[in-house]
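A.B. asks:
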Amino acid sequence: MSTTGSGGNKPKRSFTPLIQVFEPHKAQTPPLIPYFKEFWERRAFALELARFADKAEYLESRLGKAWLILNPLFLSLIYFLLVTVLRGGPNKDTGLSTLAHILIGIFMFYFAQNIISDGAQSITAGGRLILNQAFPRALLPFSSAVRAFGQFWPTIPTYFAVVLLGKVFYPKTHIPLADLNYLWAPFIIAALAITAFGLSLIFAVMNVYFRDTSKLLTYTTRIWLYGSPVLWKPEMLHGWHRIFIYINPLGPTLAATYHVWIDGVRPSNSELIGTGVWVVLAMAIGTYFFTSRERDFAVRI
Amino acid sequence: MTINNSGVIRLGTSTPSTTMMTAKGYKGDILLPDDLAVRIEDLTITYKINVDTKKTLKNAVMRASKGEKVRMRQVEAVKKMSLDIPHGSVVGIVGANGAGKSTLMRSIAGIMPPTSGRIIVNGKISTLLALGVGFNQSLSGRDNIILGGLAAGLTRDEIESKTDEIAAFADLPDGFIDMPVRTYSSGMYGRVAFAVSVSMTPDILLLDEALSAGDAAFKEKSFHRMRELVEEARTILIVSHALATISDLCDTAIWMHKGTILAHGEPGKIVEEYLKFLEVGTLPSNLEDM
Ligand SMILES: Nc1ncnc2c1ncn2[C@@H]1O[C@H](COP(=O)(O)OP(=O)(O)OP(=O)(O)O)[C@@H](O)[C@H]1O
Ligand SMILES: [Mg+2]
Numbered sequence: 006m007s008t009t010g011s012g013g014n015k016p017k018r019s020f021t022p023l024i025q026v027f028e029p030h031k032a033q034t035p036p037l038i039p040y041f042k043e044f045w046e047r048r049a050f051a052l053e054l055a056r057f058a059d060k061a062e063y064l065e066s067r068l069g070k071a072w073l074i075l076n077p078l079f080l081s082l083i084y085f086l087l088v089t090v091l092r093g094g095p096n097k098d099t100g101l102s103t104l105a106h107i108l109i110g111i112f113m114f115y116f117a118q119n120i121i122s123d124g125a126q127s128i129t130a131g132g133r134l135i136l137n138q139a140f141p142r143a144l145l146p147f148s149s150a151v152r153a154f155g156q157f158w159p160t161i162p163t164y165f166a167v168v169l170l171g172k173v174f175y176p177k178t179h180i181p182l183a184d185l186n187y188l189w190a191p192f193i194i195a196a197l198a199i200t201a202f203g204l205s206l207i208f209a210v211m212n213v214y215f216r217d218t219s220k221l222l223t224y225t226t227r228i229w230l231y232g233s234p235v236l237w238k239p240e241m242l243h244g245w246h247r248i249f250i251y252i253n254p255l256g257p258t259l260a261a262t263y264h265v266w267i268d269g270v271r272p273s274n275s276e277l278i279g280t281g282v283w284v285v286l287a288m289a290i291g292t293y294f295f296t297s298r299e300r301d302f303a304v305r306i
Numbered sequence: 144m145t146i147n148n149s150g151v152i153r154l155g156t157s158t159p160s161t162t163m164m165t166a167k168g169y170k171g172d173i174l175l176p177d178d179l180a181v182r183i184e185d186l187t188i189t190y191k192i193n194v195d196t197k198k199t200l201k202n203a204v205m206r207a208s209k210g211e212k213v214r215m216r217q218v219e220a221v222k223k224m225s226l227d228i229p230h231g232s233v234v235g236i237v238g239a240n241g242a243g244k245s246t247l248m249r250s251i252a253g254i255m256p257p258t259s260g261r262i263i264v265n266g267k268i269s270t271l272l273a274l275g276v277g278f279n280q281s282l283s284g285r286d287n288i289i290l291g292g293l294a295a296g297l298t299r300d301e302i303e304s305k306t307d308e309i310a311a312f313a314d315l316p317d318g319f320i321d322m323p324v325r326t327y328s329s330g331m332y333g334r335v336a337f338a339v340s341v342s343m344t345p346d347i348l349l350l351d352e353a354l355s356a357g358d359a360a361f362k363e364k365s366f367h368r369m370r371e372l373v374e375e376a377r378t379i380l381i382v383s384h385a386l387a388t389i390s391d392l393c394d395t396a397i398w399m400h401k402g403t404i405l406a407h408g409e410p411g412k413i414v415e416e417y418l419k420f421l422e423v424g425t426l427p428s429n430l431e432d433m
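Residue numbers (this note's numbering), protein chains in the order written: chain A, 6 to 306; chain B, 144 to 433.
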């Protein structure tokens, strides 16, 4: 005989008192501390979901994973050619730094975009899971973010490989390779991820109510990319025009990225403040919006 | 058979415990007898269905520009239900399609929020609801067991130590457990799902159409496992259209009809009345003047 669980040979009841009360809510947030506690306790589920989603997608093709790097790499090259042509031909002095800037900019932007667009669809795509299991729903967008990070980090060595190669051909370039200011990079990447995660919470809710939100996002992110300091330097904006960097949730972070990775200097104070403000704002609004609506998901899926 | 003439129904024949326990509601503490597994108070659950168009931003903007309102249809799947389920009950739930059985199960599991009323649940819940767990079709059965266990709140160590046991219980032929789930027959799928949900050692087990897909041998095995759970004094709620399951396994039964409890009591009697209703198509005469 095969039994599962504690089976018949262990008749002791593993009864731990655990009383839950389910009550109606009028767009109220649930008690946040128990919510985060439960979220934290079940983080393994989100991590595993991310890992298995990758596994399911790349089960058949080993080349599949390579595309995660090749895709943004090719895209960067195309943008680099476009930018070079628009500027009236190649320039020996700035060519490599333009390429490096576009590379790291696209890698970072793609990271944020993946968090946002996958996260936005995570609730509507999680149909069965949502209808059959009770768990903090924020675990689904969180899982998307984890997965996006898994796809993002290999692009960092790719970046350095390209820069290293570039340095061989243009030893004069000022792009830093080993520089103390890179210590800012983990914070910048984390800030970008958290801001994007906060935004993905908002879009995930919107996508439950309006199913074309995620489609709309694909168009908006294109425009968003052009509006971010990825294909152009933050210094190109002067005076009050600089506000365009700061009204963009990813703007200050991407400007800081440019300064650390290409100029080899620390991010400016206003960039750091802008980044901090957007992190807090995105998380606060995202968490409120998401947790106050999430119990509505099951009746609207 | 007891006919429901509203008021609170307590399932089974035991007398309510006089010791009270406290639960924390939004508006202060709630007192209830400590022998209850589930208390349902005046529960109503309404689905909101958008009738005419797809739920898109585009449509919403178009309608707003024309000054039209969204036509929403509301379906009351559960209506003003009150019910006390003591610990250790094995409750069968029968009722026609669309009676609200699955909705009730989802609300007890904490998946569907009450539209009004309240549910108090005392104990760890494991669910096997109508559609199965959120199984990922391209992953193997074994991977899905891990995912299912984690979704149900087990730790990674717990589920990993149980995976072999669960796989053995599901007992799929020829190493199918390591094949993608999309290659499974519906019975094989059902076996894995059932094995996962009974492995959780829940205090309260919710099964919705869980036993329908298995073959005779697996039915036997799952009956055996459920009896074990019953002996361990766990609370089990079973929704099934296989009425023999209800009368064999359960010690009390509920007949749901259009979102309300029409009758409750001894499973054999309830099933009998329900069968009569299915044949004749009219409700028992003593109910009609209600
Ligand atoms: N996701 C949903 N959206 C809108 N309405 C729903 C949804 N799920 C169920 N309903 C409605 O709620 C009512 C009760 O459905 P439910 O699934 O609870 O019935 P059931 O008793 O489980 O039926 P069955 O025996 O067919 O499984 C039905 O009228 C159904 O149309
Ligand atoms: Mg059902």
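C-beta: ideal position from N, C-alpha, C; glycine also.
Using C-beta distances below 7 angstroms, list every residue in its chain close to A/Val-270, excluding the 5 sequence neighbours before and after it, in chain order.
C.D. replies: Asn-186 and His-264
A.B. asks: Given 8 angstroms as the limit, tell me if B/Asp-351 has its C-beta closer than that to any heavy atom belonging to ligand 1.
C.D. replies: yes
A.B. asks: Under 9 angstroms, do B/Arg-249 and A/Ala-289 count as touching if we go by C-beta distance?
C.D. replies: no
A.B. asks: Compare the C-beta of A/Gln-126 against all C-beta atoms of chain B and say whether one is closer than 9 angstroms.
C.D. replies: no
A.B. asks: State yes or no: is the beta carbon of A/Ile-250 nearer than 9 angstroms to at least one beta carbon in chain B?
C.D. replies: no
A.B. asks: When you compare the CB of A/Thr-218 with every CB in chain B, is at least one pair closer than 9 angstroms?
C.D. replies: Closer than 9 angstroms: yes.
A.B. asks: Considering only the alpha carbon of each residue, which of B/Leu-175, B/Glu-415, B/Leu-349 and B/Ser-342 lies closest to B/Thr-246?
C.D. replies: B/Leu-349
A.B. asks: Going by the CB atoms, is the gap between B/Thr-306 and B/Gly-296 shorter than 9 angstroms?
C.D. replies: no
A.B. asks: Would you check if the region 76-91 of chain A and the region 125-133 of chain A touch, i.e. whether three or more CB-CB distances between them fall below 8 angstroms?
C.D. replies: no
A.B. asks: Assign A/Thr-292 to buried or exposed, taking buried as 16 or more other Cβ atoms, counted over all protein chains shown, within 10 Å of its Cβ.
C.D. replies: buried
A.B. asks: Is it the case that the CB of B/Gly-333 approaches a heavy atom of ligand 1 more closely than 8 angstroms?
C.D. replies: no
A.B. asks: Candidates B/Ala-385, B/Pro-257, B/Gly-333 and B/Thr-270: which alpha carbon is nearest B/Thr-189's?
C.D. replies: B/Pro-257
A.B. asks: Are B/Ala-239 and B/Leu-421 closer than 9 angstroms when you measure CB to CB?
C.D. replies: In contact: B/Ala-239 and B/Leu-421 (Cβ atoms closer than 9 angstroms).
A.B. asks: I need the DSSP call for A/Leu-242, collapsed to helix, strand or coil.
C.D. replies: coil
A.B. asks: State yes or no: is the beta carbon of B/Met-433 nearer than 9 angstroms to at least one beta carbon in chain A?
C.D. replies: The predicted position of B/Met-433 is uncertain, since its pLDDT is 39 and thus under 50; a value taken from the coordinates is nonetheless stated next. Not an interface residue.
A.B. asks: With distances taken between CB atoms, is the gap from B/Pro-229 to B/Ser-281 smaller than 9 angstroms?
C.D. replies: no
A.B. asks: Using CA atoms only, rank isn't needed, just tell me which of A/Arg-216, A/Lys-238, A/Val-282 and A/Ile-278 is closest to B/Lys-197.
C.D. replies: Considering only alpha carbons, the answer is A/Arg-216.
A.B. asks: Could you name the residues of the same chain whose beta carbon sits closer than 6 angstroms to that of A/Ala-139, not counting the 5 residues immediately before and after it, in chain order?
C.D. replies: none
A.B. asks: Counting only beta-carbon separations shorter than 9 angstroms, does B/Val-221 have a partner in chain A?
C.D. replies: no
A.B. asks: Within the present structure, is the beta-carbon of B/Ser-245 separated from the nearest heavy atom of ligand 3 by less than 8 angstroms?
C.D. replies: With respect to ligand 3, the structure offers nothing, as its ligand set consists of ligand 1 and ligand 2.
A.B. asks: Would you mind sorting A/Asp-268 into buried or exposed? The rule is 16 or more other CB atoms within 10 Å of its CB.
C.D. replies: Under this definition A/Asp-268 is a buried residue.
A.B. asks: What number of angstroms, rounded off, separates the C-alpha of A/Ser-297 from the C-alpha of A/Pro-35?
C.D. replies: 7 angstroms
A.B. asks: How big is the Cα-Cα spacing for A/Lys-307 and A/Leu-230?
C.D. replies: Nothing in the structure corresponds to residue 307 of chain A, since chain A is present only between 6 and 306.
A.B. asks: Identify the residues that DSSP records as bridge partners of B/Ser-269: which are they?
C.D. replies: B/Ser-269 is bridged by DSSP to B/Leu-348.
A.B. asks: Which whole-angstrom value is the C-beta distance of B/Asp-177 and B/Thr-162, which I expect to be below 8 angstroms?
C.D. replies: 5 angstroms
A.B. asks: Consult DSSP for B/Arg-182 and reduce its assignment to one of helix, strand or coil.
C.D. replies: The three-state reading of DSSP puts B/Arg-182 in strand, counting E and B together.
A.B. asks: So which residues on chain A does B/Ile-236 lean against when the C-beta distance must stay under 9 angstroms?
C.D. replies: Neighbours of B/Ile-236 on chain A: none; closest Cβ ~17 angstroms, over 9 angstroms.
A.B. asks: In chain order, what residues of the same chain lie with their CB nearer than 6 angstroms to the CB of B/Ala-273, ignoring the 5 residues before and after it?
C.D. replies: The predicted position of B/Ala-273 is uncertain, since its pLDDT is 45 and thus under 50; no value can be drawn from it.
A.B. asks: To the nearest angstrom, how far is it from the Cα of B/Ser-365 to the Cα of B/Leu-290?
C.D. replies: The straight-line gap separating the alpha-carbon atoms of B/Ser-365 and B/Leu-290 is approximately 22 angstroms.
A.B. asks: Run the CB neighbour count on B/Gln-217, radius 10 Å, all protein chains shown included, and call it buried at 16 or more, exposed below.
C.D. replies: Exposed, because fewer than 16 other Cβ atoms sit within 10 Å of the Cβ of B/Gln-217.
A.B. asks: Per DSSP, what are the beta-bridge partners of B/Trp-398 in this structure?
C.D. replies: Beta-bridge pairing links B/Trp-398 to B/Val-237 and B/Ala-406.
A.B. asks: With DSSP as the reference, label A/Lys-177 as helix, strand or coil.
C.D. replies: In the structure shown, A/Lys-177 sits in coil (DSSP, three-state: anything other than H, G, I, E or B).
A.B. asks: Is the CB of B/Pro-176 under 9 angstroms away from at least one CB in chain A?
C.D. replies: no
A.B. asks: Taking only the alpha-carbon atoms, compute the straight-line gap between A/Phe-112 and A/Arg-48 and give it to the nearest angstrom.
C.D. replies: 26 angstroms
A.B. asks: Do we get a CB-CB distance below 9 angstroms when we pair B/Ser-160 with the residues of chain A?
C.D. replies: no
A.B. asks: Tell me whether B/Arg-377 sits in a helix, a strand or coil according to DSSP, three-state version.
C.D. replies: coil
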